[in-house]
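Residue numbers (the working numbering): 86 to 160.
Shown next as structure tokens:
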């Protein structure tokens with residue numbers, strides 16, 4: 086959906102992914118980047134911050150570092 090430019094459908098898919106699989110670390114990064122591209126910066130910051138916590142709990146320091154870098158670019 087993202088590649089096809091269907092933002093509304095993409096938002097729905099990202100939300101469903103987060104609801105059904107809240108421990109899926111890459112979803113936070115991808116969704117946060119997507120929200121940032123849409124100009125929804127506050128939501129993107131919140132999502133990336135949440136994703137950093139989830140990544141740390143999962144021991145995924147690479148994803149944590151990527152999300153921290155993305156978050157710093159949104160500030």
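From the three backbone atoms N, C-alpha and C, an ideal C-beta is built for every residue, glycine too.
Between the C-alpha atoms of residue 97 and residue 116, what's the straight-line distance to the nearest angstrom? Along the chain shown, one-based indexing puts residue 97 at 12. Along the chain shown, one-based indexing puts residue 116 at 31. In a straight line, the C-alpha of residue 97 is about 11 Å away from that of residue 116.
Cα separation between residue 145 and residue 91? Your numbering for residue 145 matches position 60 in the chain shown. Your numbering for residue 91 matches position 6 in the chain shown. Between the C-alpha atoms of residue 145 and residue 91 there is a straight-line separation of about 30 Å.
Pairwise C-alpha distance: residue 157 and residue 150: What you label residue 150 is simply residue 65 of the chain shown in a count that begins at 1. What you label residue 157 is simply residue 72 of the chain shown in a count that begins at 1. Distance between the alpha carbons of residue 150 and residue 157: 11 Å.
The alpha helix (DSSP H) with residue 111 in it runs from where to where? One-based indexing of the chain shown puts residue 111 at position 26. First-last of the alpha helix (DSSP H) with residue 111: 110–122.
According to DSSP, simplified to helix, strand and coil, what is residue 130? For the purposes of this step, residue 130 is identified with residue 45 of the chain shown, where counting begins at 1. Helix, per DSSP.
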